Amino acid sequence: MAVKTEVTDVGVAVEVSRRQSQFGAMNAFTAGAIVPPLLPPSQAVVTDADDGGARMPAAAGGLNVPYAVLECLVAVGAAVGNALVIVAFRRERRLRRRTNYYIVSLAVADLLVGLVGIPCAVLSSVGLPRHLHLCVFSVSLIIVLCTVSILSLVAVSADRYWAILYPMAYSTNSNTKIAVSIIGVCWIMGLLIGFMPLMGWRAAKGPTLDSCEFSSVMDYNYLVFLYLATIILPAIFMATSYAHIYTVVIKQVSMTINKYRYFVYFITCN
Numbered sequence: 001m002a003v004k005t006e007v008t009d010v011g012v013a014v015e016v017s018r019r020q021s022q023f024g025a026m027n028a029f030t031a032g033a034i035v036p037p038l039l040p041p042s043q044a045v046v047t048d049a050d051d052g053g054a055r056m057p058a059a060a061g062g063l064n065v066p067y068a069v070l071e072c073l074v075a076v077g078a079a080v081g082n083a084l085v086i087v088a089f090r091r092e093r094r095l096r097r098r099t100n101y102y103i104v105s106l107a108v109a110d111l112l113v114g115l116v117g118i119p120c121a122v123l124s125s126v127g128l129p130r131h132l133h134l135c136v137f138s139v140s141l142i143i144v145l146c147t148v149s150i151l152s153l154v155a156v157s158a159d160r161y162w163a164i165l166y167p168m169a170y171s172t173n174s175n176t177k178i179a180v181s182i183i184g185v186c187w188i189m190g191l192l193i194g195f196m197p198l199m200g201w202r203a204a205k206g207p208t209l210d211s212c213e214f215s216s217v218m219d220y221n222y223l224v225f226l227y228l229a230t231i232i233l234p235a236i237f238m239a240t241s242y243a244h245i246y247t248v249v250i251k252q253v254s255m256t257i258n259k260y261r262y263f264v265y266f267i268t269c270n
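Under the UniProt record's numbering, think of the first position of the sequence shown as 1, with each following residue one higher.
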């Protein structure tokens, strides 16, 4: 009898719970309080009260105004400053030295970053453009310009290393044509490295995108390659070259000081 009573009590409790849940669902439905399942921001829905509660897709994301303003200020500064560098190099013949050609290449790349790259970055921050190839092109263009800037810095450090450590060979073998050729190699390498996602090395495959985001478009292995090729290796090369230049300059300065001391000592003794 006890077992039968417990089974009956359990059955009654289950039936009561089922009736309560049905009653609560009916109340929620009549009140219009049914909550849709959570969706990603790009797939979220909103309810238009003026349209009888019709469900419509929500916006993918608004513009971050402080970020956009800061990017615009950086773009204006980069455009004006690098344009002045190019104009000065163009007008002053005394500035047309071999090393300054690398500086002009760096200024051109940074000028394009301000005029083209930063607007593409602002568009990408709001998820535009949503066509796959346009999105990949805009993101890859930023990579190209930044890569060319880094390679121009590498060229400057290599030129200074050669000029300081081997001055005789530098004066006899270095000329404007070699500088222009090295600059051309830097730009070609930047184009090849930056446009690899446009050639197929990317994560996104569809013709259209929900949102043009850098992390969702780029392949992880490509990002690792990009990090090594454009950040780690150039940083190591420039750090070692400038460290060697520093040690050589310190030795030359110490030798010059010692020679001056010996000369002064010789004059005073005689």
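No residue lacks a Cβ here, since even glycine has one placed at the ideal position from N, Cα and C. Note that the structure is a prediction, hence the values are computed from the model and not measured.
Task: Outcome for residue 269 when other beta-carbon atoms lying within 10 angstroms are tallied against a minimum of 16 - done: exposed
Open item on the list: Just to confirm, is the Cβ distance from residue 155 to residue 111 under 8 Å?
Closed with: no
Open item on the list: Just to confirm, is the Cβ distance from residue 107 to residue 71 under 8 Å?
Closed with: no
Task: residue 126 - DSSP class collapsed to helix/strand/coil - done: coil
Task: Candidates 178, 160, 203, 169, of which the one nearest residue 239 by Cα - done: 160
TODO: Using 10 angstroms around the beta-carbon of residue 66, count the other beta-carbons present and answer buried if the total reaches 16, otherwise exposed.
DONE: exposed
Open item on the list: Using a Cβ-Cβ cutoff of less than 6 Å, which residues in the same chain neighbour residue 234 once the five nearest sequence positions on both sides are dropped?
Closed with: 150, 154
- [ ] Would you identify the three-state DSSP class for residue 229, choosing helix, strand or coil?
- [x] helix
TODO: Just mark residue 103 as buried or exposed, buried being the case when its beta carbon has 16 or more other beta carbons within 10 Å.
DONE: buried
- [ ] Say whether the segment 118-138 touches the segment 210-225, bearing in mind that this needs 3 or more beta-carbon pairs closer than 8 Å, one atom from each stretch.
- [x] yes
Task: Residue from 236, 232, 202 with nearest C-alpha to residue 220 - done: 202
TODO: State the Cα-Cα distance for the pair residue 241 and residue 197, rounded to the nearest angstrom.
DONE: 31 Å
Open item on the list: What does the alpha-carbon distance come out to for the pair residue 191 and residue 225?
Closed with: 15 Å
Task: Buried versus exposed call for residue 101 [16 or more other C-beta atoms within 10 Å across all chains shown] - done: buried
Task: For residue 257 and residue 95, the rounded distance between their alpha carbons - done: 31 Å
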